[in-house]
Each structure stands twice: as C-alpha cells, then as structure tokens.
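Trainee: Here this note's numbering is used: the first residue of the sequence shown is 356, the next is one more, and so on. Just so you know, even glycine gets a beta-carbon here, dropped at the ideal spot from N, CA and C.
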Amino acid sequence: ARGLLHYPRILFLDEPTIGLDPQTREHIWEYIEELIHREKITVILTTHYLEEADELCDRVGIIDYGKIVALDTPEKLKRRIGGDMITAEVSNPKQLAVELKKRDPTLTLAFTERIIRVTIPEGEKYIPHIIHATDSLGMNVDSISVKRPTLNDVFLAYTGHEIRDETGKAMGTMSMVHR
356 ARGLLHYPRI LFLDEPTIGL DPQTREHIWE YIEELIHREK ITVILTTHYL
406 EEADELCDRV GIIDYGKIVA LDTPEKLKRR IGGDMITAEV SNPKQLAVEL
456 KKRDPTLTLA FTERIIRVTI PEGEKYIPHI IHATDSLGMN VDSISVKRPT
506 LNDVFLAYTG HEIRDETGKA MGTMSMVHR
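1) State the Cα-Cα distance for the pair residue 425 and residue 415, rounded to the nearest angstrom.
2) When you compare the stretch 420 to 436 with the stretch 394 to 404, are there three or more beta-carbon pairs, one atom per stretch, that lie closer than 8 Å?
3) Suppose you measure from the CA of residue 411 to the CA of residue 441; what does that come to, to the nearest Å?
4) Buried or exposed: residue 367, going by 16 or more other Cβ atoms within 10 Å of its Cβ?
5) Which residues in the same chain as residue 369 place their Cβ atom closer than 8 Å to its Cβ, once the five residues preceding and following it in sequence are excluded?
6) On the three-state DSSP scale, how would you describe residue 360?
7) Less than 6 Å between the CB of residue 390 and some heavy atom of the ligand NAP, yes or no?
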C-alpha cells in the first residue's frame, strides 16, 4: 500500500496474490488494472500463477538459472512451442499414425496403446482430417479433444523442468512477468 501512495511510474510486485482466495485475488487485480490505466503505471511482478500472467500481462519473461530464456507476449510464446495438441482415443493409434503420416509427413505425433496425440497449429481445423482418416480405416473415435498451449507448457518447454531452489529441488512453476 505504501508503494502506491505516490503513484510511481513503475511498481514492482513480488507475488502479490500468493495465498489469497480467488475472490480477493480478483479484487486486487481489478484495482491494479485500474491503476495501470488511470495512472499509466508500469507493473513488473513475479508470480507462481501463470494463468494470471497469461490473462493480465503484456509481456512474459521466463528465467532459468538466473537468465532470461524467453521474453515475449503470452500468445507469441505459446505459438513458439508448436501449436495445439489434439488427443484422440482410438482402437489402433499406431495404424492411425501411419495413415496420418502418409497424408502429411510433416506432422508431429505420438501414440500409446489407445491414444494418439497430434501437435499442429489451429488444431480445431485438423480434427476433420483425423475423423476422415479413422473412417477410411473403419475405426471408431472414442473421444477427441484439442488443448491449446498454456504458459505452463511454455515454461516447461524452455526450461525442461519446474523451478528449483538452491539445492536443485523442484519448487513449482514460477515466471517473471512484465506489464
């Protein structure tokens, strides 16, 4: 509160909403958003809540071992890691993988005993191709979903792990964000 008394041009916040209930977090962010727009304050913060950073921040920086390994808008960072992930449950994912690769050799895919995962930009547009391929193979699709990348996915893609303390133990996901 004291940091805001003189309406600074830059406000540094270190995990300002950690441990707060969702309603209080929302009120804090509404107030900060109001300050940003009314007083033209730049806010630089650290947070464990990457969904919060995704929603509120203009730029996100990911730090690993004290170095910034990525810095961009949340959308651009998410696009860099390869697109949406389509997950389909089918009777023979290996057969479907072979068929999809025949149709498009550039596809990134993986499969297990019942699941196939296809990573592709604009995944919702590719679902009809999967359905058509399963129809041509006489295969049923038990379920299918599209998951867009999150900042958690971005963090793991750039660091390969969760944040560690000085001894190297995982402490959870954390990112420095800049607004």
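Mentor: Considering the structure as presented:
1) By 1-based counting over the sequence shown, the position of residue 425 is 70. By 1-based counting over the sequence shown, the position of residue 415 is 60. Those two C-alpha atoms are separated by around 8 Å.
2) Touching, no.
3) Residue mapping note: residue 411 aligns to position 56 of the sequence shown, counting from 1. Residue mapping note: residue 441 aligns to position 86 of the sequence shown, counting from 1. Approximately 27 Å, taken between the alpha carbons.
4) In the sequence shown, the residue the question calls residue 367 occupies position 12. Result: exposed.
5) Sequence index remark: in the sequence shown, residue 369 carries index 14 (1-based). Taken in chain order, the residues that qualify are 400, 401.
6) Counted from its first residue, the sequence shown places residue 360 at position 5. Residue state, collapsed to three classes: coil.
7) Inclusion of the ligand NAP in the displayed structure is not the case, the ligand content being empty and no account of it being possible.
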